[in-house]
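Engineer: Its first residue numbered 1200, the sequence shown is counted upward by one per residue in this note's numbering. Every residue gets a Cβ at the ideal spot worked out from N, C-alpha and C, and that includes glycine.
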Amino acid sequence: PQWGWMLISDMNGNTTFGGFVQTYSDLRLKDNVREIDNVIERRNTLANAAIKYERDGRTSIGYGAQTLRENGCSEFVSEADDSLKLTSGTGTLSVAYGETTAILAVASKQTDDKVAVLEDRIAKLEAIIAKLTGDENAS
């Protein structure tokens, strides 16, 4: 099939296009590397900004860029220096979707760690109950 490429570039060097995107992620290319803070709050903002919408006859899911920008996840949002900015004062907003996965991965890991601790506590409590009741099947 013939593919039509949509490519939009703004004056800030931001580019939006259809297709797959890969970015360099080599640690040697990064400065000031540190842990992500406020992971659960940011995950909650992502969840609250998640939407289902219609565009060009297609149903999609994604994020509302305004919601992200206004609620603590502005680092995921870029504003284009486009004609919309000239007419409304605010350029078209876009979301760096790939970056949001780091928040989701860390939040998932934190949840897994909490579940493991709670499962261990439950097993210990069940063992105590079994010992106190003499019921080895209490767990």
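Here's a check: name, in chain order, each residue in its chain whose Cβ is nearer than 7 Å to the Cβ of P1200, leaving out the five neighbours to either side.
Structural biologist: As a position in the sequence shown, residue 1200 is number 1, starting the count at 1. For P1200, the predicted structure reports a pLDDT of 48, less than 50, and the residue's modelled location is therefore unreliable. A value from the coordinates is still provided. Contacts found: none.
Engineer: Tell me where the beta strand (DSSP E) around G1352 begins and ends.
Structural biologist: This structure cannot settle anything about residue 1352, because the visible part of the chain is limited to 1200 through 1338.
Engineer: Across which residues does DSSP place V1316 in a beta bridge pair?
Structural biologist: Translated into positions along the sequence shown, residue 1316 becomes position 117. DSSP lists no partner for V1316.
Engineer: On the DSSP bridge assignment, give the partners of I1250 in chain order.
Structural biologist: In the sequence shown, residue 1250 corresponds to position 51, counting from 1. G1261, per the DSSP bridge assignment.
Engineer: Going by C-alpha distance, which of F1216, I1239 and L1228 is nearest A1304?
Structural biologist: Position 105 of the sequence shown, counted from the start, is the residue given in the question as residue 1304. The shortest Cα separation from A1304 among F1216, I1239 and L1228 belongs to I1239.
Engineer: Can you check DSSP and say which residues form a bridge with I1207?
Structural biologist: By 1-based counting over the sequence shown, the position of residue 1207 is 8. Answer is T1215.
Engineer: Quick check: the Cα distance between A1326 and N1247, rounded to an integer number of angstroms?
Structural biologist: Residue numbering aside, residue 1326 sits at position 127 when the sequence shown is read from its first letter. Residue numbering aside, residue 1247 sits at position 48 when the sequence shown is read from its first letter. Approximately 40 Å between the Cα atoms of the pair.
Engineer: Is the separation between the beta-carbon of Q1265 and that of L1292 shorter than 8 Å?
Structural biologist: On the sequence shown, residue 1265 is found 66 positions in, with the first residue counted as 1. On the sequence shown, residue 1292 is found 93 positions in, with the first residue counted as 1. In contact: Q1265 and L1292 (Cβ atoms closer than 8 Å).
Engineer: Could you check what DSSP says for E1269 in three-state terms: helix, strand or coil?
Structural biologist: Here residue 1269 corresponds to residue number 70 of the sequence shown, with the count starting at 1. Three-state result, E1269: helix.
Engineer: Does E1335 come out as helix, strand or coil in the three-state DSSP assignment?
Structural biologist: The count along the sequence shown starts at 1 and reaches residue 1335 at position 136. Three-state result, E1335: coil.
Engineer: Alpha carbon to alpha carbon, what distance is there between G1261 and V1232?
Structural biologist: If you number the sequence shown from 1, residue 1232 lands on position 33. If you number the sequence shown from 1, residue 1261 lands on position 62. Cα to Cα, the separation comes out at about 27 Å.
Engineer: Under 6 Å Cβ to Cβ from M1205, same chain only, skipping five residues before and after it: list those, please.
Structural biologist: Position 6 of the sequence shown, counted from the first residue, corresponds to residue 1205. In chain order, F1216 and G1217 place their CB closer than 6 Å to the CB of M1205, counting only its own chain and leaving out the 5 sequence neighbours on each side.
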